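Chemist: Just so you know, numbering that gives the first Met the number 0 puts 174 at position 175 of the sequence shown, and the rest follows in order with no gaps.
Yeah, the Cβ is synthetic: ideal placement off N, Cα and C, and Gly gets one too.
The model shown is predicted, which means the values in this text are computed figures rather than measured ones.
Got a structure here, written out as structure tokens. Questions coming.
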Amino acid sequence: MFRNTVLGPWLDLRSEDHDNHVLNFMLQHQKHIDNPSYETPLYFEIDKHTLEFGRREFWLLTGLRFSKISLKHLEESVSGFCERIFSGIERIKGYDLIRVLQSESFNKMSNEDAMRLCLLLALVYVLMGQELRHVMSNEILCLVDDFYAWDAFPWGEYMWREFHDRVYNVVSKKRKTHLEEYIKLGPSYTATYSLYGFIFALKVDAVEGELSDWAAAKVQDMMLKSASWVVNGIEHGKVYQVYDRVRTHIVRITEGTCTCRKWQLLGLPCGHAIAVGRKRGGKSPSRGTQRSTGSSQTQNGRPQNRRVNSQGSQRSMPFGYDPVNLADP
């Protein structure tokens, strides 16, 4: 049952290691930006490279939905699940979930309530990284009553905001405090900071740099559908016209845009962009293509909106074809 929910794919994690040293290395190289919004990506400056990790990368790696968040309709609601399982407890924490999970009553629960318990544990205390003493919001507890509403909820947006709030400038904010404590205590002082939010997405991005299976399947599907579309060049290497058997769209390779707007909105190349890549002689479906690791240029003090993988890393794509990297070298 759990595997069929929106969090089901995360049962297939290949590693449970925190990789603290990798995350610390990344965050020590994070560029400090004042007053960032949720639209502002995290930038990491490593060995003359500027790496970007924003909403698009978070979405590609997790495959979780992004949309407007609204839980106001549940503010005055009462969770039927909590009334059945946690009767008399006003502030439900992770400790309460663990206590029930390890008790005999868990085996007597209905399959639906057992899954609700596991969904809350996985979301709040595993993926979101909250401590077990954290009190869950009433809205989330009410949301889990309805499996359809739970799966339809924009968890990508929800997790991204929590991640962004907790991780952005986390090291630079603590640096002054760490220096002051080091002056007081000397070498015996150990500098620490806490991380919350879906930090695992950043770890996967840093270590593996692969699209989620969901995103890769999405690109593969668009590649198949666009196989017979007609492409005509307007300005060689820059602008193309694509007829998809229904409408005609304009793809601007150097700008990364298409008049269907899917490329801009989703961060994934649309079928029209993929058709252009095929027309221009994209690699045959055999092996993955390696992205450039050259340094990213800056404009007005801000890194260019381009993803650059360090250390010659590869991003696996369906059939080994990389339709994102369409521009001429």
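Report the rounded CA-to-CA distance for Ala-113 versus Cys-141, giving the unit in angstroms.
Modeler: One C-alpha to the other measures close to 15 Å.
Chemist: In the DSSP assignment, what are the bridge partners of Gly-196?
Modeler: DSSP lists no partner for Gly-196.
Chemist: Phe-52 lies in the beta strand (DSSP E); which residues open and close that run?
Modeler: Taken as a continuous stretch (DSSP letters only), the beta strand (DSSP E) holding Phe-52 covers 48-52.
Chemist: By a C-beta neighbour count over all protein chains shown, 10 Å radius and 16 as the cutoff for buried, is Met-0 buried or exposed?
Modeler: Per the 10 Å Cβ criterion, exposed.
Chemist: Excluding sequence positions up to five away, which residues of its chain have a Cβ less than 8 Å from the Cβ of Thr-4?
Modeler: Cβ neighbours of Thr-4 beyond the five flanking positions: Met-114, Leu-118, Phe-146, Trp-149 and Asp-150.
Chemist: Taking the alpha-carbon positions, what's the Trp-9 to Leu-131 distance?
Modeler: Rounded to whole angstroms, Trp-9 to Leu-131 spans 20 Å at the Cα level.
Chemist: For Val-123, which three-state DSSP category applies?
Modeler: Helix, per DSSP.
Chemist: Ser-136 to Ala-216, Cα distance in whole Å?
Modeler: Taking the straight line joining both Cα atoms gives about 34 Å.
Chemist: How is Glu-38 classed by DSSP in three states: helix, strand or coil?
Modeler: In this structure, Glu-38 counts as coil in the three-state DSSP scheme.
Chemist: Taking 8 Å as the threshold, find out whether the stretch 55-66 comes into contact with the stretch 153-163 through three or more Cβ pairs.
Modeler: Yes, the stretch 55-66 touches the stretch 153-163.
Chemist: Tell me, please, whether the stretch 181-200 touches the stretch 85-99 by the rule of three or more beta-carbon pairs shorter than 8 Å.
Modeler: The stretch 181-200 vs the stretch 85-99: no contact.
Chemist: Closest by CA to Phe-197, which one among Phe-43, Arg-54, His-48 and Glu-44?
Modeler: Measuring from the Cα of Phe-197, the nearest candidate turns out to be Arg-54.
Chemist: Measuring CB to CB, does Ile-139 end up less than 8 Å from Met-221?
Modeler: Their beta carbons are not under 8 Å apart, which means Ile-139 does not touch Met-221 by this criterion.
Chemist: For Ser-24, does the count of other Cβ atoms within 10 angstroms reach 16, so buried, or fall short, so exposed?
Modeler: In the sequence as presented, Ser is not what sits at residue 24; that position holds Phe. Classification for Phe-24: exposed.
Chemist: Within 10 Å of its beta-carbon, does Ile-91 have 16 or more other beta-carbons around it, so buried, or fewer, so exposed?
Modeler: So Ile-91 counts as buried.
Chemist: Do Pro-35 and Phe-52 have their C-beta atoms within less than 8 Å of each other?
Modeler: No, the pair does not count as a contact, with Cβ atoms beyond the cut-off.
Chemist: Whose CA, out of Arg-2, Leu-26, Ile-233 and Leu-120, lies closest to the CA of Ser-193?
Modeler: When only C-alpha atoms are compared, the closest one is Leu-26.
Chemist: Identify, in the order they occur along the chain, each residue of the same chain with its Cβ nearer than 8 Å to the Cβ of Asp-164, setting aside the five sequence neighbours on each side.
Modeler: Only Gly-196 meet the Cβ criterion.
Chemist: What are the boundary residues of the alpha helix (DSSP H) that Arg-165 is part of?
Modeler: Residues 154-166.
Chemist: Let me know the secondary structure DSSP gives Lys-71 once reduced to three states.
Modeler: It is helical.
Chemist: Could you check which residue in Glu-103, His-133, Glu-75 and Gly-79 has the C-alpha nearest to that of Leu-120?
Modeler: Out of Glu-103, His-133, Glu-75 and Gly-79, His-133 has the C-alpha closest to the C-alpha of Leu-120.
Chemist: Tell whether a beta-carbon distance below 8 Å holds between Val-238 and Arg-246.
Modeler: No, they are not a contact pair.
Chemist: Hey, out of His-31, Tyr-42 and Leu-50, whose CA is closest to Lys-173's CA?
Modeler: Comparing Cα positions, the closest option is His-31.
Chemist: Which class does Thr-292 belong to by DSSP, given the choice of helix, strand or coil?
Modeler: Residue placement at Thr-292 is flagged as unreliable, the pLDDT there being 33, under the threshold of 50; the coordinate-derived value follows with that caveat. It is coil, neither helix nor strand.
Chemist: By alpha-carbon positions, which one of Asp-144, Glu-161 and Leu-100 ends up nearest to Gly-128?
Modeler: When only C-alpha atoms are compared, the closest one is Glu-161.
Chemist: Which residues in the same chain as Glu-180 place their Cβ atom closer than 8 Å to its Cβ, once the five residues preceding and following it in sequence are excluded?
Modeler: Closer than 8 Å at Cβ, skipping near neighbours: Tyr-188 and Ala-190.
Chemist: When the Cα atoms are used, what is the spatial distance from His-20 to Phe-57?
Modeler: Straight-line Cα distance between these residues: approximately 21 Å.
Chemist: Using the three-state DSSP reduction, which class does Gln-29 fall into: helix, strand or coil?
Modeler: Three-state result, Gln-29: strand.
Chemist: Cα separation between Lys-278 and Gln-219?
Modeler: For Lys-278 and Gln-219, the distance between alpha carbons rounds to 17 Å.
Chemist: Since Val-241 is in the alpha helix (DSSP H), which residue starts that stretch and which ends it?
Modeler: Element bounds for Val-241: not the alpha helix (DSSP H) but the beta strand (DSSP E), 238-242.
Chemist: Based on DSSP bridge pairs, tell me the residues matched to Gly-232.
Modeler: Per DSSP, Tyr-239.
Chemist: Among the residues of its own chain, which have a CB less than 7 Å from the CB of Cys-259, if the five just before and after it don't count?
Modeler: Here the set comprises His-248, Cys-269 and His-271.
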